[in-house]
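Residue numbers (the numbering used here): 1 to 229. For every residue, glycine included, the Cβ atom is placed at its ideal position computed from N, Cα and C. Presented below is the structure to which this report refers.
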């Protein structure tokens, strides 16, 4: 009789698995911002040994979701207004350059896919009175699709592996703040039109203006929330 013997899970696989779990829990607020996280408690919570856990924490530190300091332990980062400003400034510069590259590199089939994506977003906005566009990360899907087609792997990796993890955390942090999503959708159509016209300079200007404008709106809303508190 043949018996399938279960092979032990490799430590690097365990480390990646728990890294993904903890990352998602940080982004979604299951592990609150600013919370100190001890290895003993984490090892019990995620049922993992110290070795792969430390590797996971090192990865979380590398994408700047946790802050590890000697004699102080490890804490989840706290997203204040200044940090979110820094994230949006990085987005503006990097996504502006990414869309410039994508404007040249994208085949027409990808541009057609972008138009179809925006049609889906438009339908979602109408069905949900504008509440679903940000909560379901439709906005991020649009931006991700563009920068993933820029054909600069270093830029793609940085945006995807680092900046967008913190950006998702920003999005969750502000998910209860109402946004006017119709102007965002209008901006997206204008950006795709510039890509379709193969105008990289205009595409970059529109992308940078879009992200800068989004930050100004968010900053004002955050300041209003602080006043209420």
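Identify the residues that DSSP records as bridge partners of residue i: which are they?
i	result
residue 162	None; residue 162 has no bridge partner.
residue 73	69
Nearest CA to the CA of residue i: which residue from the options?
i	options	result
residue 128	17, 182, 205	182
residue 80	209, 186, 171	171
residue 126	185, 97, 108	185
residue 90	160, 68, 111, 145	160
residue 106	58, 61, 192, 216	192
residue 219	196, 174, 202	174
residue 35	55, 208, 78, 156	78
residue 113	203, 217, 196	196
residue 108	82, 149, 64	149
residue 156	110, 97, 203	97
residue 198	189, 214, 153, 102	102
residue 120	152, 189, 214	189
Which residues in the same chain have their Cβ closer than 6 angstroms to the Cβ of residue i, if we skip the five residues on either side of it in sequence?
i	result
residue 84	170
residue 37	74
residue 210	187
residue 61	68
residue 222	81
So, helix, strand or coil for residue i, using DSSP?
i	result
residue 36	strand
residue 8	Only weak support exists for where residue 8 lies, its pLDDT of 40 falling under 50; the coordinates are left without a value.
residue 220	helix
residue 79	coil
residue 13	helix
residue 49	coil
residue 106	coil
residue 173	helix
residue 124	helix
residue 62	helix
residue 213	helix
residue 26	helix
residue 112	helix
residue 155	helix
residue 208	helix
residue 197	coil
Using C-beta distances below 8 angstroms, list every residue in its chain close to residue i, excluding the 5 sequence neighbours before and after it, in chain order.
i	result
residue 53	15, 18, 39, 42, 43, 46
residue 28	172
residue 8	Confidence in residue 8 is poor, its pLDDT being 40 and thus under 50, which makes the residue's placement unreliable; the coordinate value appears in the next sentence. Counting only Cβ-Cβ distances below 8 angstroms, and skipping sequence neighbours, we find nothing.
residue 212	88, 92
residue 111	192, 195, 196
residue 122	185
residue 117	141, 142, 145
Can you list, in chain order, the residues of its chain whose CB lies under 7 angstroms from that of residue i, leaving out five sequence neighbours each side?
i	result
residue 87	163, 166, 167, 170
residue 49	43
residue 143	95
residue 21	46
residue 64	77, 162, 166
residue 59	19
residue 203	99, 100, 103, 191, 194, 195
residue 56	15, 18, 19, 22
Is any heavy atom in the ligand FMN found nearer than 8 angstroms to the beta carbon of residue i?
i	result
residue 187	Only the bare structure without any ligand can be found here, which leaves the ligand FMN out of the picture.
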